[in-house]
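Q: Per our numbering, the very first residue in the sequence shown carries number 448; after that it's consecutive.
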Amino acid sequence: MSRQTLAEVSDGPAIAPSGEAFSLRAKLVQPSQNGPLVAQPLRGPAHPVNLPTMPLDEYRAAKAAASSGGGPELRARPAAHCKGVLTLSFTGAVEGESTDSLYPPDVDAAVGRSQILQPTNSNIDVWSKRGAHLYSIDDNSFLGNSRDTFGDGRAVFDSTYNRWVVLLSDFSTLTGTGQPLYYLAVSQTSDATGAYFIFSDNLGKLPPNEFIDFTQLGLDQNALLITANMFRCTTSSCADFFLVGPIVFAVPKARVYNGLSYSVPIFSVSLSNCPLCTLAPPFVEDNNGRDFFMAAPIDSGVTAVKKFTMAQSGQSNVTFAGPVNIPVAPYSVPPPNANQTCTGSNPELQIETLDGRFENRSYQYGALLWQTHPTSQAGRSVPIFYEFNTTTNQVVQQGKFSLSNTSFDFNPHIASNASGSAVVTWTATDPANGKNALVLFGARTSATAPGTMPVGPIIAGSTTCLIDNFDSGFDSQRWGDYSAANLDPALPGTFWVTNEKIAGGATPTDHWSTEFGEIKP
Numbered sequence: 448m449s450r451q452t453l454a455e456v457s458d459g460p461a462i463a464p465s466g467e468a469f470s471l472r473a474k475l476v477q478p479s480q481n482g483p484l485v486a487q488p489l490r491g492p493a494h495p496v497n498l499p500t501m502p503l504d505e506y507r508a509a510k511a512a513a514s515s516g517g518g519p520e521l522r523a524r525p526a527a528h529c530k531g532v533l534t535l536s537f538t539g540a541v542e543g544e545s546t547d548s549l550y551p552p553d554v555d556a557a558v559g560r561s562q563i564l565q566p567t568n569s570n571i572d573v574w575s576k577r578g579a580h581l582y583s584i585d586d587n588s589f590l591g592n593s594r595d596t597f598g599d600g601r602a603v604f605d606s607t608y609n610r611w612v613v614l615l616s617d618f619s620t621l622t623g624t625g626q627p628l629y630y631l632a633v634s635q636t637s638d639a640t641g642a643y644f645i646f647s648d649n650l651g652k653l654p655p656n657e658f659i660d661f662t663q664l665g666l667d668q669n670a671l672l673i674t675a676n677m678f679r680c681t682t683s684s685c686a687d688f689f690l691v692g693p694i695v696f697a698v699p700k701a702r703v704y705n706g707l708s709y710s711v712p713i714f715s716v717s718l719s720n721c722p723l724c725t726l727a728p729p730f731v732e733d734n735n736g737r738d739f740f741m742a743a744p745i746d747s748g749v750t751a752v753k754k755f756t757m758a759q760s761g762q763s764n765v766t767f768a769g770p771v772n773i774p775v776a777p778y779s780v781p782p783p784n785a786n787q788t789c790t791g792s793n794p795e796l797q798i799e800t801l802d803g804r805f806e807n808r809s810y811q812y813g814a815l816l817w818q819t820h821p822t823s824q825a826g827r828s829v830p831i832f833y834e835f836n837t838t839t840n841q842v843v844q845q846g847k848f849s850l851s852n853t854s855f856d857f858n859p860h861i862a863s864n865a866s867g868s869a870v871v872t873w874t875a876t877d878p879a880n881g882k883n884a885l886v887l888f889g890a891r892t893s894a895t896a897p898g899t900m901p902v903g904p905i906i907a908g909s910t911t912c913l914i915d916n917f918d919s920g921f922d923s924q925r926w927g928d929y930s931a932a933n934l935d936p937a938l939p940g941t942f943w944v945t946n947e948k949i950a951g952g953a954t955p956t957d958h959w960s961t962e963f964g965e966i967k968p
């Protein structure tokens, strides 16, 4: 079967709409940047966002069980030779650029024809592809909202229409007193530093005691594809809450690219259909009429991931169906937390590795779709990458990748192109070899041996431990909670990655930093 072929697929049972996402006509904003990076960042407060998809007590117990590990070493040895070439790297955003930086940074990026837009908690930066820092603005100034706290930033560049799209969650609804909110920003031109349509969006018909978390952003030919996890407060202060389940909806480009209002159905996925799931939307690289949303269930001994299908996105007759099981080699999550060189016997100096979900958008071309997530392997965190055939509902290939046989590897993302090349980025620590957090990449082409992801040279390292991003909700140092790999729309065959590292300087343990890398497989 050619890579372009898409036959009729099995979609699974239909899911009826459960609410609506809507926004009034957008306001037009020309944000004025706050200024350049500051030399000594001020650290902002932590915020309880990007929550585990299981109760915290169960999450901590699962982390402890994963860390005990035991058993044989299950990871594949890193490939000795890498076809990928690191052609450029430069430092990106740092904690404290604005007066209210949050941690973890939640590192995403969108790559345009000459610029890169990088949302982090709680700032937006624009860089040239040669590393010049063009623009820096905090989320409040960008959105024209001085009241609320924003984060969970996601971004994509639409190379068909040359538009930048930014998705931000409004954390003011964490109190459970208001309707769940998010903000959508769409550029008017191909200039990421120019004017934007700003939509203040409401998830209507959902209970006001629910809040939105871990939003994700993808796109296809017709629509912007959005997913999120919904939590429900059980107390008036929202001190206690539980996962309701993921939601999915598609926003028509034809309306938001022109600043027009919209109202679209929301599809809710019950936990009975997909236990402890987070849905990742696709970044669709062709004119495929079906969008495949993937979820990696959070459990031990998992033998299948879940596929959901959207058809007629951005139209009034949009449909959503699933799940369909795609068998995979057994995996267990959540992965154990990562040790640093300073960890010793103190778990508060471990780095949190999240819960094994698919952390960022998939890449979809024809029937093929790529994803990655961290898993628990013999007491360490090890990522797995997948290439799925969404027609046959089978794995084309899957494989583990890691820095070494003693490293902790986590926070991965993957991008692929139409020719079958793929690039991953991830974080690794390797205290046995004296290495703190590293920004890494791996690369493969269609000629690479199936199930392998050759590891490239280190993009950037950290000279110290992270000791001041402790979150009592997780009992560890917060990290991630996602990273980004992207295609370069102007240079076919070129990829960009961005990920977190620990900043250097006079107060190196007080803040996070980020790094970009340009990769040619």
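Glycine included, every Cβ here is placed at the ideal spot set by N, Cα and C.
What number of angstroms, rounded off, separates the C-alpha of S708 from the C-alpha of A513?
A: One-based indexing of the sequence shown puts residue 708 at position 261. One-based indexing of the sequence shown puts residue 513 at position 66. Going from the Cα of S708 to the Cα of A513 covers about 47 Å.
Q: Assess contact between the stretch 889-897 and the stretch 921-929, defined as three or more Cβ pairs (one per stretch) separated by less than 8 Å. Is contact present?
A: No, the stretch 889-897 does not touch the stretch 921-929.
Q: Does DSSP classify L796 as helix, strand or coil?
A: Locating residue 796 in the sequence shown gives position 349, counting from the first residue. Here L796 sits in helix by DSSP.
Q: What's the C-alpha gap between A950 and I798?
A: By one-based count along the sequence shown, residue 950 stands at place 503. By one-based count along the sequence shown, residue 798 stands at place 351. Cα-Cα distance, rounded: 15 Å.
Q: Start and end of the beta strand (DSSP E) containing F589?
A: The count along the sequence shown starts at 1 and reaches residue 589 at position 142. Here F589 belongs to no beta strand (DSSP E); instead the alpha helix (DSSP H) covers 586-590.
Q: Can you tell me which of N933, G867, S809, I713 puts its alpha carbon nearest to the alpha carbon of T945?
A: Counting from 1 along the sequence shown, the entry for residue 945 is found at position 498. It is N933 whose Cα lies nearest to the Cα of T945.
Q: State the DSSP-derived secondary structure class of L564, mapped to helix, strand or coil.
A: Here residue 564 corresponds to residue number 117 of the sequence shown, with the count starting at 1. If DSSP states are grouped into helix, strand and coil, L564 belongs with the strands.
Q: Less than 7 Å between C-beta atoms, sequence neighbours within five positions excluded: which residues of the same chain meet that for I645?
A: Here residue 645 is taken as the residue at index 198 of the sequence shown, counted from 1. The answer, listed in chain order, is A473, K474, V476, L590, G591, Y630, A632.
Q: Do A751 and C724 have their beta-carbon atoms positioned less than 8 Å apart in this structure?
A: Here residue 724 is taken as the residue at index 277 of the sequence shown, counted from 1. Here residue 751 is taken as the residue at index 304 of the sequence shown, counted from 1. Not a contact, by the Cβ cut-off of 8 Å.
Q: Please return the same chain residues whose Cβ sits closer than 6 Å to the Cβ of R737, not counting the five positions on each side in sequence.
A: The residue you call residue 737 lines up with position 290 of the sequence shown. Taken in chain order, the residues that qualify are T756, A758.
Q: For the alpha helix (DSSP H) that L503 lies in, which residues bound it at each end?
A: The residue given as residue 503 occupies position 56 in the sequence shown. Run containing L503: 503-515, per the alpha helix (DSSP H) assignment.
Q: Let me make sure I understand the geometry here. Which of N720, S760, I831, D555 has the alpha-carbon closest to that of G889?
A: As a position in the sequence shown, residue 889 is number 442, starting the count at 1. When each option's Cα is compared against that of G889, the closest is I831.
Q: Please determine, among G665, G641, S779, the residue with the shortest C-alpha to C-alpha distance to F739.
A: For the purposes of this step, residue 739 is identified with residue 292 of the sequence shown, where counting begins at 1. Checked all of G665, G641, S779; the closest Cα to F739 is G665.
Q: Using a Cβ-Cβ cutoff of less than 7 Å, which residues in the same chain neighbour P782 once the five nearest sequence positions on both sides are dropped?
A: For the purposes of this step, residue 782 is taken as residue 335 along the sequence shown, with counting starting at 1. If we look at P782 and ignore the five residues flanking it on each side, its Cβ neighbours are A513, T800, G803, P821, T822, S823, S828, F857.
Q: Using DSSP's beta-bridge definition, name the partner residues of G881.
A: Within the sequence shown, the letter at position 434 stands for residue 881. Partner(s): none; G881 has no beta bridge.
Q: Using the DSSP secondary-structure output, state which residues sit across from H580 in a beta bridge.
A: Here residue 580 is taken as the residue at index 133 of the sequence shown, counted from 1. Partner(s): W574.
Q: Classify F855 as buried or exposed, calling it buried when 16 or more other Cβ atoms lie within 10 Å of its own Cβ.
A: To locate residue 855, count along the sequence shown from 1; it is residue 408. Classification of F855: buried, given that the 10 Å Cβ count is 16 or more.
Q: Can you tell me whether R808 is buried or exposed, with buried defined as 16 or more other CB within 10 angstroms of its CB?
A: Here residue 808 corresponds to residue number 361 of the sequence shown, with the count starting at 1. Buried, because 16 or more other Cβ atoms sit within 10 Å of the Cβ of R808.
Q: Let me make sure I understand the geometry here. Which of S909, A862, Q841 has the alpha-carbon closest to that of W959?
A: Position 512 of the sequence shown holds residue 959. Looking at the Cα atoms, S909 is the closest of the given residues.
Q: DSSP state of R804, grouped into three classes?
A: On the sequence shown, position 357 is the one that residue 804 refers to. It is coil, neither helix nor strand.
Q: What does a CB cutoff of less than 8 Å around E834 pick up in its chain, not counting 5 residues either side in sequence?
A: As a first step, residue 834 is located in the sequence shown; it is residue number 387 there, counting from the start. The answer, listed in chain order, is L815, L816, W817, V842, V843, Q844, Q845, S863, A869.
Q: Cutting at 7 Å between CB atoms, please list the residues of its own chain near F661, excluding the five before and the five after it.
A: Counting from one through the sequence shown, the residue named residue 661 turns up at place 214. Same-chain partners within the cutoff: N497, D599, A675, N676, T725.
Q: Give me the Cα-Cα distance between Q562 and Q635, rounded to the nearest whole angstrom.
A: Position 115 of the sequence shown, counted from the first residue, corresponds to residue 562. Position 188 of the sequence shown, counted from the first residue, corresponds to residue 635. Approximately 15 Å between the Cα atoms of the pair.
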